[in-house]
Amino acid sequence: MLTSSKSLIAYDKKNLDDKTLLQLYKNMLKPRMIEEKMLILLRQGKISKWFSGIGQEAISVGVTMAMHKDEYILPMHRNLGVFTTREIPLHRLFSQWQGKANGFTKGRDRSFHFGTQEFNIVGMISHLGPQLGVADGIALASLLKNKKQVTTVFTGEGGTSEGDFHEALNVASVWQLPVMFCIENNGYGLSTPTNEQYHCKDLADRGKGYGMESFVLDGNNIIEVYTKMQKLAASIRKRPRPILIEFKTFRMRGHEEASGTKYVPKALMQEWAKKDPLENFQAYLKEQRILSEKQEVAIKDAITLEINEHLQMAFDEAPIVPNVETELNDVYKSFDFKAIKPDSKTAELRLIDAISQGLKQAMEKHDDLVIMGQDIAEYGGVFKITEGFVNQFGKARVRNTPICESAIVEAAMGLSIAGMKAVMEMQFADFVTSGFNPVVNYLAKSHYRWNQQADVVIRMPCGGGVAAGPFHSQTNEAWFTKTPGLKVVYPAFPYDAKGLLTTAIEDPNPVLFFEHKALYRSIRQDVPLEYYTLPIGEASVLREGTAVTVISYGAGVHWALETLDANESISADLIDLRSLQPLDTETIFASVKKTNRVIILQEDSLFGGIASDLSALIMEHCFEYLDAPVKRVASMETPIPFVDQLEEQYMAKGRFEEALKAVLAY
Ligand SMILES: Cc1ncc(C[n+]2csc(CCOP(=O)(O)OP(=O)(O)O)c2C)c(N)n1
């Protein structure tokens, strides 16, 4: 609180007119008054958690006012001022916080965890850091479309310790993306003070390390924030590049309301209270005779009325009525698959060539498709799938990336938010762990949370049998098949690989596309030369028989074929799943009901693999038809060893034949 009515912040209004100054004031006042109301409601138990931005309004408001309304802004949990300055009707915000349908997430996510294309706002996910890489992707789209727009993203100083921050800044700098990275340094990350968070004077100095201009601004001085950000935004629109801005400010309330501020020294709190951005600015406007007492009362009355009316609307809104179908339907964006029939002209292609051809033809078909990955441009990727692509499509659409899986998955998400398509080549499927968070938390959940598709395909060169050891051999599809929101495709043949990849790219949902490295150059097939698509979610029945159903995918399909070829007397249905999520249970159940015996072969180690769930599904749906227990054959429960003899022992392949015969003999 200011003890006198004199402003303690040295404002320089430059050439700002009174109307703008009053607008800045009103825009700061509104979130402050909303928050004060929310604190009352919180105490009354009428809303859940609250993250306060009191004392930090000048940053949200100044930055948002410096941007054009059609430019994307990516706020965090203390940026109510961003939402109100973009003039979101308050009742929609209130409904959001009460988990009601007129909010932005149909009650599926809380507080500020939402985005809205209508207002060009992309809200955070809880993990904080991913926002920064998403901003890169949005800015990349704006750069590629020559839109001359700036994208702004916020982080707290705590969030700057996450890897995402460093990856996102580096990518933005290497690609010269038009992003304003805004750090709100408010002294504490939950209870952690800055000296336990980082070991340098100003976080802005980190910009230098990334080859980026950076600035420190007084985050409590609305005029400084607004005028400087306006200037920077204008400059970036003309000359695209990233800029890092550190706003010095202070968190005046607890991390969230319930947690309090006991650990914050009182003197520090008092010192910052004197720098309150709203009270000081109000005093200044009065000193300058820009704001009268009467005007102030009128402005406050109008805001109070607006808050109360809109709150009433939200309270009057009926609570969400749960509906199982609605929930399930919203996990994926609906996709109207259009079968494009293959041309009759074919050529014998290896799996790797078929994938390359499908990808190339998808690039020709979709002008807005961008491919990103390590060493994929001139070098053609480590497996040479994108060899020659740069010559045909240029480096803007075939993008070499730094080694930063998280930021690239996030950038792919950003491209999708900006209406583009992205394919990311994971150099080896094993490395997806370095980008795991945005895959399972951002891509997978965004359609369910706020109706935002993640039009992204991640190509996953995977699998063993190539003597490459524990970190270049894994087949990690099970990490993703259990995550609602992702599709998982795993072809075993060139024809399927090409047609399913083109579909995966057409599908607006996130697809993990597994490509078995050992099959790349060993499996050949006649493949149509023109563009075609195949439906995701349909298994293919490779052999038909009566005695047993063999279910597999990827390399396992070829092991099964070899075994069945060597045992011609075994009459088996052989099902190649092709797609693991969604799963073609209809084909599986029909086969099991016919043969009454089933064996599932997977290359992954046993526990928690897709075979386990398949087994459970078969048991639940076909129990009465089974003449033998469902058998799973999988690799050993160890990491994948390097040397041939050990790897061979590890692999499920060597145990399949015996297990198959045991199922038949049961
Ligand atoms: C990956 C991850 N780790 C930890 C948390 C828990 N958490 C939420 S906010 C927060 C503090 C963030 O501090 P800062 O980035 O400075 O933002 P502030 O809350 O101060 O505005 C923490 C630790 C989280 N949400 N996500």
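Numbering (the numbering used here), first residue to last: 14 to 679. For every residue, glycine included, the Cβ atom is placed at its ideal position computed from N, Cα and C.
Checklist entry - Buried or exposed: which applies to Q662, given that a residue is buried once 16 or more other Cβ atoms fall within 10 Å of its Cβ? => result It is exposed - the Cβ of Q662 has fewer than 16 other Cβ atoms within 10 Å.
Checklist entry - With burial defined as no fewer than 16 other Cβ atoms inside 10 Å of the residue's Cβ, what is the status of A331: buried or exposed? => result The residue in question, A331, is exposed, as its Cβ has fewer than 16 Cβ neighbours within 10 Å.
Checklist entry - So what does DSSP say about L593, is it helix, strand or coil? => result Strand.
Next on the checklist: Given 7 Å as the limit, tell me if R123 has its C-beta closer than that to any heavy atom belonging to ligand 1.
Outcome noted: no
Item to check | Same chain, Cβ closer than 7 Å to L619, neighbours up to 5 away in sequence not counted | outcome: Only R645, A647 and E650 meet the Cβ criterion.
Checklist entry - Comparing the CB of N454 with every heavy atom of ligand 1, is any distance shorter than 7 Å? => result no
Checklist entry - Is it the case that the CB of Y201 approaches a heavy atom of ligand 1 more closely than 7 Å? => result yes
Item to check | With 16 other Cβ atoms within 10 Å as the buried cut-off, status of K32 | outcome: exposed
Checklist entry - What do you reckon, is the C-beta of H212 under 7 Å from a heavy atom of ligand 1? => result no
Next on the checklist: Only counting the same chain, and skipping five residues up and downstream in sequence, which positions put a Cβ closer than 6 Å to that of I421?
Outcome noted: M385, T414 and M437
Checklist entry - From what residue to what residue does the beta strand (DSSP E) around H529 run? => result V524 to H529
Checklist entry - Bridge partners of M193, per DSSP? => result T165 and I256
Item to check | 8 Å contact criterion, which K500 and N522 should meet: CB distance rounded | outcome: 5 Å
Checklist entry - With a CB to CB cut of under 6 Å and the five nearest residues on each side skipped, what residues in its chain are close to Y508? => result Q538 and V540
Item to check | Q658 at chain C interface by Cβ criterion, 8 Å | outcome: The structure shown contains no chain C; it is built from a single protein chain.
Next on the checklist: Could you check if S73 belongs to the surroundings of ligand 1, using beta carbon to heavy atom distance under 7 Å?
Outcome noted: no
Checklist entry - Is any heavy atom in ligand 1 found nearer than 7 Å to the beta carbon of T516? => result No, since every heavy atom of ligand 1 falls outside the 7 Å radius drawn around the Cβ of T516.
Next on the checklist: Tell me the rounded alpha-carbon separation between S553 and L513.
Outcome noted: Here the alpha carbons of L513 and S553 stand approximately 12 Å from one another.
Next on the checklist: What does the alpha-carbon distance come out to for the pair T262 and Y201?
Outcome noted: The alpha-carbon atoms of T262 and Y201 are separated by roughly 10 Å.
Checklist entry - Taking the C-alpha atoms as reference points, what is the distance between S204 and G66? => result It is roughly 16 Å from the alpha-carbon of S204 to the alpha-carbon of G66.
Checklist entry - L542 to I368, Cα distance in whole Å? => result Their Cα atoms are separated by approximately 12 Å.
Checklist entry - Going by the beta-carbon positions, is the gap between A467 and T496 smaller than 8 Å? => result no
Checklist entry - Are the region 84-101 and the region 299-314 in contact at 8 Å, needing three or more beta carbon pairs? => result no
Checklist entry - Is the beta carbon of L93 within less than 7 Å of some heavy atom of ligand 1? => result no
Checklist entry - Would you say the beta carbon of M193 comes nearer than 7 Å to a heavy atom of ligand 1? => result no
Checklist entry - Going along the chain, which residues of its own chain have a beta-carbon closer than 6 Å to the beta-carbon of S459, five neighbours each way excluded? => result Q465 and A467
Next on the checklist: Extract the residue ranges of the beta strand (DSSP E) inside the region 178-228, only unbroken runs of 3 or more that lie entirely within it.
Outcome noted: 192-198
Item to check | For L587, the three-state DSSP class (helix, strand or coil) | outcome: strand
Item to check | Assigned exposure category for T608 - 16 Cβ within 10 Å defines buried | outcome: buried
Checklist entry - Mind checking R534: buried by the 16 CB within 10 Å criterion, or exposed? => result exposed
Next on the checklist: Taking its Cβ as the centre, do 16 or more other Cβ atoms sit within 10 Å of E637, making it buried, or is it exposed?
Outcome noted: exposed
Item to check | C-beta contact flag for Q615 and G621 at 8 Å | outcome: no
Checklist entry - Can you list, in chain order, the residues of its chain whose CB lies under 6 Å from that of E400, leaving out five sequence neighbours each side? => result G393
Checklist entry - Regarding E197 and ligand 1, is the C-beta to nearest heavy atom distance less than 7 Å? => result Yes, Cβ of E197 sits closer than 7 Å to a heavy atom of ligand 1.
Next on the checklist: Following a CB-centred definition, is S227 positioned closer than 7 Å to any heavy atom of ligand 1?
Outcome noted: False, no ligand heavy atom lies under 7 Å from that Cβ.
Item to check | N-terminal and C-terminal residue of the beta strand (DSSP E) that L555 is part of | outcome: S553 to R556
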